[in-house]
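Structure first, then comments.
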Ligand SMILES: NC(=O)c1ccc[n+]([C@@H]2O[C@H](COP(=O)([O-])OP(=O)(O)OC[C@H]3O[C@@H](n4cnc5c(N)ncnc54)[C@H](O)[C@@H]3O)[C@@H](O)[C@H]2O)c1
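In this note's numbering, the protein residues as written are 64 to 524.
Right, dumping it as structure tokens:
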């Protein structure tokens with residue numbers, strides 16, 4: 064039998080600390096249970112219209128980068144960047160000195176000057192942002208630091224790039240949007256899954272009309288992270304905490320980003336409202352009981368996050384999207400990757416497709432069958448370069464495109480409005496879960512511009 068938990072809950076089912084935090088993010092007072100939908104969706108006071116055109120900055124010949132947070136993902140991005148023409152790692156920051164030294168060595172071994180190191184504590188990135196002559200600050204720190212690093216970068220005249228999710232409160236989503244507009248800087252969330260080979264092939268097929276009109280999508284982050292979250296190193300040092308304290312979709316953007324791009328979210332459509340439900344939280348405590356000896360403090364931890372979270376989004380022009388999150392159960396990996404159009408359907412894991420009039424009736428076909436005809440130009444041209452890079456090559460693609468767009472003065476493939484809208488699913492799911500799956504409205508981070516902004520171009524390498 065499992066222990067009982069959730070002892071300190073409000074009548075809405077939410078623990079008091081979370082409720083106060085979410086209430087503060089929404090601008091509602093602690094103690095109130097009723098959801099003030101308007102307050103959540105409201106545009107911050109004093110914020111004018113969003114720009115008429117997607118933001119592009121003057122071209123930068125050689126992109127000087129300060130990297131903040133060089134653990135697993137940060138080091139992997141640095142490795143990619145060292146192989147991409149027209150950029151240089153000029154400074155590196157981590158709270159762990161040896162990690163800084165490791166990256167300094169990697170950079171020098173590639174024939175570049177040694178980057179300046181910053182490791183005087185958790186806010187030393189502020190010194191990096193203030194003192195270094197940089198074009199871009201790129202962060203792969205734990206979630207809590209994404210917004211502080213991006214804001215410090217932009218305040219000091221640098222573009223900002225962050226790992227996912229960009230933010231996990233609505234207040235912080237708006238902060239990034241306001242910062243990017245005020246300082247006229249890029250603030251991009253690096254969603255690598257938008258660059259997967261299958262995802263890019265689907266995007267191309269959608270753009271070429273193979274799917275007809277988009278109707279429905281399903282995405283998720285279904286990844287057994289129990290062992291990693293309990294580890295005494297790497298993500299284990301910080302990624303368990305949100306599972307203890309929050310209840311909703313903690314990591315929405317991997318599955319959602321590619322669907323949003325196929326549906327032209329923020330460029331012809333927008334997320335309008337959503338509902339969310341979480342199952343019980345059993346997996347983490349069971350894992351602790353099964354794997355740690357009596358007396359290990361991890362056996363006493365009480366987890367808040369439901370093992371399975373399911374959210375349903377309605378878009379402004381009527382489409383539906385399901386987004387799921389489950390990192391606490393035994394299961395093979397999946398991001399679902401399902402898209403239904405009026406003329407075709409695709410689903411991932413394994414990648415398959417059915418195209419009306421082309422596929423045998425009622426029969427799935429292997430997506431690879433259509434690779435030659437519909438492989439995305441980026442993959443066609445860069446595939447061999449991406450070969451050994453992280454997550455099947457998509458991490459290289461995203462870093463390559465970031466540098467390329469900055470060098471050519473182009474709008475980025477994803478912008479701050481995407482970062483805000485995709486990340487907002489996290490806090491909105493928490494709100495809905497805590498309120499018996501009540502409907503919650505998305506803020507319109509574009510302030511109406513989604514109706515006039517044009518879909519992204521199909522990029523070349
Ligand atoms: N896109 C993907 O596929 C993917 C995969 C894994 C992780 N991530 C994201 O990357 C980020 C980092 O994850 P990770 O797996 O590399 O974790 P990690 O724990 O391996 O690395 C985080 C690093 O940040 C450092 N750090 C912590 N606080 C800091 C601060 N205030 N200033 C400077 N450095 C600080 C840590 O010492 C560590 O080296 C997270 O946002 C995570 O969600 C994305």
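Where a beta carbon is used, it is the ideal one built from N, C-alpha and C, also for glycine.
By the Cβ rule, the region 164 to 184 counts as touching the region 129 to 143, because three or more pairs are nearer than 8 angstroms. Ligand 1 has no heavy atom closer than 6 angstroms to the beta-carbon of residue 477. Taking C-beta atoms under 8 angstroms as the contact rule, residue 388 and residue 313 qualify, at a distance of about 6 angstroms. As a beta-bridge residue in DSSP terms, residue 334 pairs with 378. Distances between the C-beta of residue 156 and the heavy atoms of ligand 1 include at least one below 6 angstroms. The three-state reading of DSSP puts residue 136 in helix, counting H, G and I together.
Annotation for residue 162 indicates a beta carbon within 6 angstroms of some heavy atom of ligand 1. Under the DSSP assignment, residue 489 falls outside any beta strand (DSSP E), being part of the alpha helix (DSSP H) whose first and last residues are 479 to 496. Counting of Cβ neighbours within 10 angstroms places residue 116 among the exposed residues, the total staying below 16. With respect to residue 437, residue 277 sits apart: the two C-beta atoms are not nearer than 7 angstroms. Taking a cut-off of 8 angstroms on C-beta distances, the region 476 to 490 touches the region 314 to 331, as three or more cross pairs fall below it. Taking every protein chain shown into account, the CB of residue 476 has 16 or more other CB atoms within 10 angstroms, so this residue is buried. Residue state for residue 215 is assigned as helix, using DSSP reduced to three classes. According to the DSSP assignment, residue 409 belongs to no alpha helix (DSSP H) but to the beta strand (DSSP E) extending over 407 to 410. DSSP, reduced to helix, strand and coil, places residue 340 within a strand of the structure shown. Assignment of beta-bridge partners to residue 388 by DSSP yields 284 and 372. Contact check for residue 188 against residue 153 fails: the beta carbons are separated by 7 angstroms or more.
Proximity to residue 457 across 365, 102 and 140 peaks at 140, based on C-alpha coordinates. For residue 465, the closest alpha carbon among the candidates 523, 301, 371 and 206 is that of 523. When the beta-carbon positions are compared, residue 251 and residue 221 stay at least 7 angstroms from each other.
Of the residues assessed, residue 159 falls on the exposed side of the cut-off, its CB having fewer than 16 other CB atoms within 10 angstroms. Beta bridge pairing from DSSP links residue 417 with 408. It is roughly 6 angstroms from the alpha-carbon of residue 417 to the alpha-carbon of residue 407. The closest heavy atom of ligand 1 lies less than 6 angstroms from the beta carbon of residue 205. Distances from the CA of residue 308 to each of 347, 210, 253 and 295 were compared; the closest alpha carbon is that of 347. Rounded to whole angstroms, the separation of the alpha carbons of residue 361 and residue 511 is 47 angstroms. Exclusion of the five residues before and after residue 256 leaves 262, 317, 320, 321, 398 and 457 as the residues of its chain whose Cβ lies within less than 7 angstroms of its Cβ. Annotation: the region 104 to 150 contains the following complete segments of the alpha helix (DSSP H) (minimum length 4 residues), in chain order: 135 to 145. Beta-bridge pairing by DSSP links residue 277 to 404. Ranked by how close their Cα comes to the Cα of residue 359, the residues 366, 365 and 351 have 351 in first place.
In chain order, 390 and 396 place their CB closer than 7 angstroms to the CB of residue 286, counting only its own chain and leaving out the 5 sequence neighbours on each side.
Around the beta-carbon of residue 245, fewer than 16 other beta-carbon atoms lie within 10 Å, marking it exposed. The closest heavy atom of ligand 1 lies less than 6 angstroms from the beta carbon of residue 159.
For residue 485, the Cβ stays outside the 6 angstroms cut-off from all heavy atoms of ligand 1. Judged by their CB atoms, residue 491 and residue 326 are not nearer to each other than the 7 angstroms cut-off. Comparing C-alpha distances from residue 370 to each of 191, 271 and 341 shows the shortest one belongs to 341.
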